[in-house]
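>
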Amino acid sequence: MKNQISTVSFYGQNLSVIPLNNQLFVAIKPVCENIGVPWVGQRQRIKRDVVLNSTACMIQVVAADKRKRELLCLPLEYLNGWLFGILI
Numbered sequence: 001m002k003n004q005i006s007t008v009s010f011y012g013q014n015l016s017v018i019p020l021n022n023q024l025f026v027a028i029k030p031v032c033e034n035i036g037v038p039w040v041g042q043r044q045r046i047k048r049d050v051v052l053n054s055t056a057c058m059i060q061v062v063a064a065d066k067r068k069r070e071l072l073c074l075p076l077e078y079l080n081g082w083l084f085g086i087l088i
């Protein structure tokens, strides 16, 4: 299955989003890198959180270099809730 990556503006930053089943998903690792928080810690936090874990999914995409990648993603509507819980 090919999933096309597109972008949406989020507070002045472009986020990669993946449409799947009439829903938009956001790849978490690029967001972590963009805001400067450790990716591994956020992945673990998502896995521990009952709500975030129930909505998170791995989505396979074909990147610009034509290689397949699996990305941990959250539905776009959960992005604010996830970001709100980050302790800096």
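Residue 11 in full-length UniProt numbering sits at position 11 of the sequence shown, and the numbers go up by one each step. Just so you know, even glycine gets a beta-carbon here, dropped at the ideal spot from N, CA and C. Being a predicted model, the structure only gives us computed values, none of them experimental.
1) Please identify the residue among 79, 52 and 49 whose C-alpha is closest to the C-alpha of residue 26.
2) Count Cβ pairs between the stretch 40-48 and the stretch 4-24 that sit closer than 8 angstroms; are there 3 or more?
3) Thinking C-beta only, is residue 71 closer than 8 angstroms to residue 61?
4) My output table needs one value for residue 67: the three-state DSSP class, helix, strand or coil.
5) The alpha helix (DSSP H) that contains residue 40, what's its start and end?
On the basis of the supplied data:
1) Here residue 26 corresponds to residue number 26 of the sequence shown, with the count starting at 1. For the residues 79, 52 and 49, the minimum Cα distance to residue 26 belongs to 79.
2) no
3) For the purposes of this step, residue 61 is identified with residue 61 of the sequence shown, where counting begins at 1. For the purposes of this step, residue 71 is identified with residue 71 of the sequence shown, where counting begins at 1. Their beta carbons are under 8 angstroms apart, which means residue 61 touches residue 71 by this criterion.
4) Taking the first residue of the sequence shown as position 1, residue 67 is located at position 67. In the structure shown, residue 67 sits in coil (DSSP, three-state: anything other than H, G, I, E or B).
5) Looking up residue 40 in the sequence shown gives position 40. Residue 40 -> alpha helix (DSSP H) spans 39-48.
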